[in-house]
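K.L.:
One structure coming up, written as C-alpha cells, with questions to follow.
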C-alpha cells in the first residue's frame with residue numbers, strides 16, 4: 001500500500017486543514033516549551049542562590065504572560081477548526097473515512113506505515129471532546145495555575161498532551177494511534193509529576209508511566225499479531241478485511257482483542273491496572289480533569305470502539321471487556337465510598353465510570369460506550385474542575401493562616417456553598433448527571449449501557465447469558481453506589497457546618513471568572529449533553545419527554561458507519577439484541593434505574609444530613625471494619641507491592657549480586673585468576689636448581705622417547 | 001660387536017645423565033657431561049665400521065668441542081667460584097621462579 | 001679374544017662411569033673418568049679406530065682431564081669430601097628416569113640386533129680406507145676434503161673458547 | 001556537485017585517513033591547542049562524511065558502492081578495499097557524527113595529558129571508520145583489532161578509580177573472541193585457496209566458498225563469539241559495565257555509540273551472509289534469540305537496581321543490543337531493518353546519555369544516583385535533555401528508539417511469536433529501570449547543598465546535545481529515508497540467508513571429500529598413529 | 001655465478017659473510033688488545049661502530065650472494081634463499097644487539113673487544129647453523145655459538161647473577177648438547193649420513209633403520225628444543241635471561257633463538273619429511289605446552305627481564321607451530337616472524353637497558369610506573385614493541401602471527417591454531433601490564449625525574465626497530481614475498497601428507 005494510495009476512491013468530502021488541528025497544539029507546545037525553558041533558567045539561577053525567582057515582581061514576566069494567550073489560544077483555534085470540520089462532515093453524509101497520508105513514517109519491504117490522518121465520525125466526536133473540553137480546561141487552568149512558577153511549563157505539557165491525544169484519535173493506523181497512546185502517557189507522567197520536587201508526586205507520575213507501559217505491551221503485541229495476520233496495520237484495511245480473514249471467535253481474533261483489552265486496562269485504568277489513576281491525582285487538578293477524566297483515560301474505550309468489529313468477532317473477549325468493566329465499576333465505586341480526599345473520590349469515580357464504558361463496549365453497545373465517554377467528559381470534567389475550584393479556594397484560605405491542613409480533605413470542608421455558590425450549583429448538576437438522574441446527560445448514556453447489558457443477557461444466541469445477567473445486576477449496584485458516593489461528596493463539601501475554622505473561612509472565595517466560566521459551560525453540557533442520543537424506544541415515553549427531547553439516537557446514527565460492521569457481525573451471530581432486554585421494552589428498565597439512582601441520593605442525604613457533627617481530625621475518623629478495608633482501597637496497592645513490585649526488585653537484586661556479579665563475572669574472573677594461578681604454580685618448578693632442571697629435561701626426554709617408541 | 005658397543009655407549013650415556021641429575025658439584029656435573037660425550041664417541045666409532053670413515057672424523061670434532069667446552073666451562077666455574085667460594089650448584093639460586 | 005677384551009673394557013668403562021657419579025671426592029671422580037676414557041680408548045682399538053684411541057688417551061685423558069684436575073686444585077676442592085649427591089628422593093627419581101631412558105634405548109637398539117646389522121651391512125665400510133691410507137690418513141682425507149668447512153669451524157670454535165676462557169678467568173678488576 | 005568533485009573516489013579514504021592526519025597534527029601541536037585541533041579535524045571528517053548520504057544511491061541495489069580497491073599484501077591476496085552499502089553507510093555516519101561530539105564533550109572532562117587523549121580519539125575514529133568501510137576481511141580484522149588499543153589507553157589513562165582493571169578486562173575479553181575469529185577468518189581463506197584456488201579476503205570472494213554444514217557451524221561459533229563479546233550479548237557482557245563506569249565520558253560515548261556496533265555490524269555483515277546454513281539452523285537461531293531476549297530482560301532488571309548511574313546506562317546498552325540481536329536473528333527484512341535502526345538510535349541516545357552523565361559528573365564528581373536529587377530545579381535544560389534522551393532510550397514512539405525496536409519486534413514476532421512476547425516485555429522494563437533513575441536524579445526535593453550549586457548546561461554542552469536530540473526526534477518521526485537506504489542491502493543479506501539453501505546442499509553433493517571431518521581431529525596425517533597416544 | 005662446490009674454494013664464496021665476520025672478529029679482538037686503555041675509562045663506541053660496519057659489510061656480501069646460484073643440494077653449506085634470508089635475520093639481530101649494548105658495556109665496565117668479538121663469533125656460528133645442510137656442521141655452528149654465548153652470559157665478572165647465569169646456561173647447554181650429539185649419532189647410524197638431503201633420501205627410500213632413526217630424531221628435537229627453549233627444555237631460559245647482561249639476553253632471545261629455529265626447520269622439514277608421522281605429535285604437544293606454560297607463567301612475573309624471558313619462550317611455542325605445520329607457508333611464516341621478532345625484542349630490551357641504569361637494579365615492572373609520561377618517546381617505543389610482541393594489528397608481530405596461523409591452518413592444525421590464539425590472549429595480559437604501568441600509573445614519588453640519556457647508537461637501534469616494526473605491520477608485502485620465495489622447495493613434507501590441498 002502506497003502512502004498516497006490510502007485515499008479511498010470516493011472521497012467527496014474534504015476537511016479543512018485537518019493537519020492544522022494537530023499542529024496547533026504542537027505549536028503551542030513549542031512556544032510554551034521555549035518560554036518554559038527560558039523561565040526555568042531564570043528560576044534555576046535563583047534556586048542556586050538559595051531562593052525562588054519571583055516572576056511576578058513588577059508585573060508578570062513575559063514568560064508567564066504569553067502562555068495565558070498561547071495555551072488556550074491554540075486550543076480555541078483547534079476547537080474552532082474542528083467545529084468547522086465537524087459541521088461540514090455533518091452535512092456530508094460521509095460513509096467511508098477520509099484518510100490522508102502525509103509521509104511514509106516507517107516503510108521497509110512489505111511494511112508500510114504512513115503518517116496518515118483518518119477522519120471519520122468516531123474520531124470527529126473524540127476531537128470535539130478533546131478540543132472542546134480541552135479548551136475549557138485550558139481556560140480554567142489560567143486561573144488555577146496563575147501563580148505557579150511552572151506556569152509556562154504547565155501549558156507546554158498541556159498543549160503537548162492535546163497534541164498526542166489528537167494523534168491518538170486522528171491516526172489512521174494502529175501504530176500511529178500507539179504514538180498518541182504512549183505520548184499521552186508521557187504527558188500524563190510529566191503532569192502528574194508536575195511538582196516534581198515532591199517525591200510522592202514524582203513517584204506517582206512514574207507509577208502511572210510504568211503501569212501504562214504494561215498495557216502498552218498488549219497494544220504492541222496486538223499490533224504485531226494484526227500485522228502477522230493482515231500484513232497491514234491501517235484501520236481501513238484491517239477493519240474492512242477482518243470479517244473475511246478472522247474466524248468468528250477464533251484464537252487469533254480472541255488473542256488480538258484480549259491484547260487490546262490489556263492495553264485498554266492500562267490506559268483506561270481498569271482492573272487490574274487501575275492503580276495508577278488514583279495516585280495520578282497528585283497532578284494539578286485541571287490535569288485530572290482533562291487527562292484523568294475527560295480524555296486520556298477514555299482512550300481504551302476509543303480503542304475498543306475503533307476496533308469494534310474485531311471485538312464483535314471475539315465474543316469471549318467482549319465478555320471479558322464487559323466483565324472487567326463492570327467489576328471495575330463496582331469495585332472502584334466501593335472504594336470511592338470511603339475516601340476522604342475529594343480528588344480521590346473523583347478518581348475512583350472515574351475508574352468506576354470507565355468501567356461502565358467498558359461494559360458498554362463490551363456488550364456491543366459501542367455507541368453507548370462512546371456516548372458515555374462523551375457525557376462523562378462533560379460531567380466528570382466539571383466535577384474535577386469544581387473540585388479544583390474548591391481546592392483552590394481552600395488552599396488560599398489555609399495558606400493565609402498558615403494552617404497545614406490538607407486542602408483536599410473533605411473532612412476539612414463543609415458548608416462551602418455559602419462561599420462558592422456557582423461552584424456549588426454546577427457541581428450539583430454534574431452530580432445529578434453522573435448519578436444518572438433523568439434528564440441529565442448521564443442518565444441517557446449510562447442507562448443505555450445497563451439496558452444493553454440486560455439485552456445481551458437475553459439475546460437469541462447470547463454466548464454467556466447468565467454472565468450478562470450477573471453483569472447487569474452488578475452494573476445496577478455500581479450505578480447505585482455512584483449516586484451514593486457522589487451525594488456524600490457533595491454533602492461533605494458544600495453542606496453542613498463549615499469546618500475550616502473561622503479565620504480561614506474569611507478567605508474562602510468563589511473562583512475567578514476564568515475558572516467558573518468553564519464550569520458553567522460544562523454544566524450546561526452536563527445537563528443537555530445526553531439529549532443527542534435519546535433512545536427511539538424512549539422517545540415517546542415519559543422518560544423521553546414525549547418526543548420533546550431532540551435528536552433521537554443521533555449519535556447512534558452518526559457513528560453507524562464506524563460501527564456498522566460490528567453490528568452486522570452481532571446481528572448475524574447473536575440475532576436482534578436490542579429488543580431482548582429484560583422486562584420487555586425499555587421504559588421499565590429506565591424507570592427502575594433512575595429510581596435506584598434517586599433512591600441512593602436520598603439515602604445519602606438522609607444519612608449525612610442526619611448527622612449533626614462531622615468529625616474533623618483525621619484520627620477521629622479512622623474507619624473501622626469493612627469501612628477500613630474500603631478506606632484502604634481493598635489493600636490492592638499493598639498487594640501489588642508485596643507480590644509484584646517487591647519480588648521484581650528482589651529478583652533484580654539477586655540477578656545483579658548473585659547471577660551477574662558472582663556467577664557470570666565470577667566465572668570470567670575465575671578464568672583470568674585461574675590462569676594466573678596455574679601460571680604461579682607452574683613457576684614453582686623454576687627452583688633455580690640446576691639438578692632439578694636437568695632432571696626435568698631428562699624427564700622430558702623420557703616422555704618424548706616413550707611417545708615415539710610406543 | 002656393533003650392538004654391544006651401542007648398548008655399552010648407551011649405558012655410559014645414561015650414567016652420565018644420571019650424574020648430571022644427582023651431583024651438585026658443578027665440576028663433577030661437567031665431568032658427567034664429558035661422560036656423555038664420550039659415550040657418543042663410542043657410538044660414532046662403532047657405527048663408523050659399518051657406515052663409513054666419517055664417523056671417526058666426527059669423533060675428532062667432538063673431542064675438539066669437548067676441549068673447547070672444557071676450557072670455557074672451567075673458566076665459568078672459576079669465575080663463579082670467585083663469587084661464592086663453592087661449586088655447589090644448589091648455592092647458586094639467586095635466579096629462580 | 002677380541003670379544004673378551006671388549007667385555008673387559010666395557011665393564012671397566014661402565015664401572016668407571018659409575019665411579020664418576022658416585023665418588024665423593026671430585027678428584028676421585030676425575031680419576032674414574034680417566035679410567036673410563038682409557039677403557040673406551042681400548043674399545044676404540046677393538047673397533048679399528050687406532051688413531052682415535054691414541055687421541056683419546058693423549059688429548060682427552062691427558063690434556064682435558066688434566067685441565068679439570070688443575071681447576072680442582074686451583075679451587076682447592078680436592079679435600080672437600082662433603083657429600084654432594086642428592087638425597088634419596090632425587091636419587092630414586094633420577095634412577096627411574098635415566099633407567100627409563102636406558103630401558104628404552106636398550107629396547108630400541110636391542111630389538112633391532114639383527115635388523116640393525118642387516119640394515120647396515122657388513123662392518124667393513126672403513127677397511128678399504130684404512131688399508132689404503134692408514135689409520136691417520138683415513139681420517140685425514142675426509143677431514144681435509146669433505147669436512148674442510150667443519151674443520152675450519154673447529155678452528156673458530158677453539159679461538160672462541162680461548163677468548164672466552166681468558167675473559168672469564170681473568171681476575172676481576 | 002559531489003560528482004564534480006569525484007567525491008565517490010576519495011571520500012572513504014579521506015574519512016579513514018584524515019583523522020590520522022589529524023592525530024599527527026594534534027601530537028605535533030601545542031598542548032592547549034590539542035582539543036580545538038581535534039575538534040576541527042573531526043568536524044572536517046564529519047562534514048565530508050555527510051556527502052555519503054547522497055553519494056550512496058539505494059536505487060542501484062544493495063551492493064557495495066564507492067568501491068575502491070588496491071592490492072595491499074599481494075602475497076596473501078589482501079586488498080586495501082573499501083566500500084559501503086546501506087548497512088555500513090549509517091555506521092560510518094554514526095561514527096563521524098559521534099566523534100566530534102565526544103571530543104567536544106571532553107573539553108572540560110579531560111584536564112591532563114590532553115594531546116595524547118585527543119590523538120587517541122582520532123586514532124579510534126580511524127579504526128572504527130575502517131571497520132565499517134572495509135570490504136576485505138583481513139582489512140576488517142586489522143581495523144577491528146586496531147580499535148582496541150586506543151580504547152584501552154583511553155580507559156586506562158583517563159578513567160576512574162578502577163580504570164586499569166576495567167581497561168584490561170575490556171581488552172582481554174574482547175580479544176579472546178576476536179582472536180578466535182582470526183582463526184576462523186584464516187580457515188575460510190585457506191578453504192577458498194584450496195577449493196577455489198583464489199587467495200583472497202574480499203567479502204565477495206569469500207561468499208563464494210562452499211562451506212559444509214559442519215564447517216559453517218564451527219565458523220559461526222568462532223565469529224559469533226567474537227561479535228557476541230563485542231556486542232555484548234548476555235552472558236558475555238560483564239566487561240561492559242566496568243568499562244563504561246571507569247571510562248572517561250568521551251570514551252564511554254564512543255564505546256557505547258560506536259564500538260558496540262562493531263559487534264552487531266559483524267552479525268549482520270558476516271554471520272548471516274557467510275554462514276547461512278548455520279544461521280538458519282533452528283538451534284542456532286534459538287540460542288541467539290534466547291540470548292537476545294534474556295539480555296533484554298535480564299539487563300533491564302539488573303540495571304534497575306544499580307546505584308551507579310553510569311553502570312545503569314551500561315546495562316541498558318546490553319538490553320538494547322538484545323533488541324538488535326533478536327532483530328537480526330529474526331532473519332527477515334523487518335527484523336534486520338529494525339536491528340539496524342536500533343543500532344543507530346542506540347548510538348545516538350546512549351551516547352547522549354553518557355555525555356549527560358559526564359556533565360553531571362563534572363559538576364558533582366559522583367555518579368551515585370543517591371547523591372543527586374532535584375537537579376531539575378537548578379539545571380532545567382540539562383534535565384530536559386536528559387529526559388528526552390531517556391525517553392528515546394526506552395523507546396517512546398516518536399523518537400528514534402521506538403522505530404527500531406518496533407521493527408525488530410515485529411520482525412521477530414513474524415516467525416517467533418513466543419520470543420516476540422518476551423522481548424516486547426522489554427518496553428515495560430525499560431521504563432522500570434530508566435524512570436526511577438530520572439526521578440532520583442532530576443526530580444524529588446533538592447536537599448543536598450552540593451546539588452544546589454549545580455550549573456545548568458553551558459553553551460558548549462548545548463551545542464553537543466542539540467544535534468543529538470534533534471536526530472533522535474527526526475529519526476523517530478521520519479525514519480523512512482534511513483530505511484530506504486538500508487533496505488536493499490538488508491534485503492540482500494536476508495536473501496543470501498535463505499536462497500543459499502540449494503547452494504550449500506549442492507556443494508556437499510558435488511564434493512564430499514572436502515568435508516573436513518578431519519579438521520576437528522587435528523590429525524594432519526589422517527592416520528592417527530602417533531596421534532592417538534599424543535591426543 | 002654458479003657454484004657446484006666441486007672445488008673447496010667455492011666455499012669461500014658461499015661463506016663470504018661468515019668469513020667477513022670472522023675476520024672482523026679477529027680485528028676487533030686485536031684492537032682490543034692493542035689499545036687497552038685503563039679500565040673504567042674504556043669506551044666501546046669505536047669498537048661498536050666498527051663491528052656494525054663489519055656486519056654491514058657481511059650483509060652486503062649476503063646481498064651479493066643472491067646473484068650466486070648453487071647447483072644441487074649436496075653441499076654442506078646451503079646457498080638457498082632460506083639461508084640468505086636467515087642471514088638477514090641474524091645479521092640484523094647482531095647489528096642491533098651491538099647498537100643497544102654500547103652504552104651498557106660502558107656503564108658496566110665490560111671488556112668491549114671481547115664482548116663484541118664473542119658476539120660476532122656467535123653470529124658466525126648461528127649463520128653456519130642456519131645455512132648448514134650437514135648435521136655435524138650444524139653441531140659445530142651450534143657449539144661456536146653456544147661457547148660464545150656461555151661466555152657472554154657470564155661476562156660481567158662483577159655480577160654474581162651473571163656468573164650464575166653463565167654456569168646454568170653452560171651446564172644445561174652442554175647437557176643438551178650431549179643429547180643432540182647422541183641424536184646425530186643415531187641418525188647417522190640409521191641413515192648412514194649426516195647430510196640432510198642424504199638423510200631424506202634414505203628415509204624416503206626406506207633404507208633407514210627406523211628404530212634408530214626415530215630416537216635420533218627425538219634426541220635432535222630435544223637438542224633443538226633446548227636451544228629454542230621449548231617446554232620442558234626451557235628451564236634454563238628465565239634464569240639465564242634474567243642473570244645475563246641485558247644486551248646478551250637480548251641477543252640470546254633473538255639471534256640465538258632464530259638460528260636454532262632456522263636449523264630446526266631445515267633439519268626437520270628437509271631432512272625428516274617422510275618421518276613426519278613419527279615426530280609431529282611430539283612437537284605438537286611441545287608447542288602446546290610451550291605456549292600454555294610460558295604464557296601463564298609470564299603473567300605472574302614481576303621482573304621485566306624475566307617476563308620477557310617467558311615471553312621469548314612463548315614465542316618459541318608459536319614458532320614451534322610452524323615447524324609442526326611443516327609446509328611452505330609456515331616456513332615462510334617462520335622466517336617472517338623471526339625477522340619481526342628480532343626487531344621487537346631488541347626494541348623491548350633496548351628500553352630495559354636504558355631503564356635499568358647502573359647496576360641493573362631497575363628491572364621490576366613497578367619501576368616502569370609513569371615511565372611513559374616521563375619519557376614519552378621511549379614509552380612509545382616500548383609500547384610499540386610490546387604491542388608487536390603481543391601481535392597487534394599495525395605491527396609486524398601481527399603479520400607474523402597471521403602468517404604462522406595461516407601455515408598451521410593449511411596443515412589443518414585448527415586446534416593448535418586455536419590454542420595459539422588463546423594463549424596469545426594470556427600474553428596480552430603481561431604485555432599490557434607493562435603498558436599500564438608505564439602509562440596508567442603515576443610514578444612513585446621518589447622516582448628520579450631526571451631524563452634518561454639516550455646514546456646515539458641506542459637511538460639508532462630503537463628508531464630502526466620501531467620503524468621496521470610498523471613498516472612490516474603496514475607494508476609487509478615485500479618481505480613476505482621474499483620470505484615466501486626463500487622457502488621454495490624447503491618443505492619436503494608433501495602436500496598429500498599434510499595440508500588441505502586435494
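Protein chains in written order, with this note's numbering: chain A, 1 to 710; chain B, 1 to 97; chain C, 1 to 173; chain D, 1 to 535; chain E, 1 to 502.
Glycine included, C-beta positions come from ideal geometry on N, C-alpha and C.
Please confirm whether residue 685(A) has its beta-carbon closer than 8 angstroms to some beta-carbon of chain C.
P.N.:
no
K.L.:
Looking only at its chain, what residues have a beta carbon closer than 7 angstroms to the beta carbon of residue 224(D), apart from the 5 residues adjacent to it on each side?
P.N.:
271
K.L.:
Starting from the N-terminal side, write out each stretch of the beta strand (DSSP E) that is 3 residues or longer and does not extend beyond the region 323 to 394 of chain E.
P.N.:
none
K.L.:
Would you say residue 294(E) and residue 310(E) are within 8 angstroms of each other, going by their C-beta atoms?
P.N.:
yes
K.L.:
Using DSSP's beta-bridge definition, name the partner residues of residue 108(D).
P.N.:
Its beta-bridge partners do not exist; DSSP assigns none.
K.L.:
I'd like to know if residue 424(D) contacts chain A, where contact means its C-beta is closer than 8 angstroms to some C-beta of that chain.
P.N.:
yes
K.L.:
How would you write the range of the alpha helix (DSSP H) that residue 255(E) sits in, first residue to last?
P.N.:
From DSSP, residue 255(E) is part of no alpha helix (DSSP H); its letter is neither H nor E.
K.L.:
Any contact of the region 331 to 350 of chain A with the region 277 to 284 of chain A, i.e. 3+ C-beta pairs under 8 angstroms?
P.N.:
yes
K.L.:
Taking any Cβ of chain E, which residues in the region 151 to 165 of chain C have a Cβ under 7 angstroms from it, in chain order?
P.N.:
153, 154, 156, 157, 160, 161, 163 and 164
K.L.:
Residues of the region 67 to 94 of chain B with a CB closer than 7 angstroms to any CB of chain A: list them in chain order, please.
P.N.:
89, 90 and 93
K.L.:
Does residue 72(D) come out as helix, strand or coil in the three-state DSSP assignment?
P.N.:
strand
K.L.:
Can you check whether the C-beta of residue 509(D) is within less than 8 angstroms of a C-beta belonging to chain E?
P.N.:
Only weak support is given to the placement of residue 509(D): the predicted model assigns it a pLDDT of 38, under 50, and the value that follows is read from those uncertain coordinates. Not closer than 8 angstroms to any Cβ of chain E, the Cβ of residue 509(D) fails to qualify, so no.
K.L.:
CB residue 326(D) to CB residue 285(D), shorter than 8 angstroms?
P.N.:
no
K.L.:
With burial defined as no fewer than 16 other Cβ atoms inside 10 Å of the residue's Cβ, what is the status of residue 400(A): buried or exposed?
P.N.:
exposed
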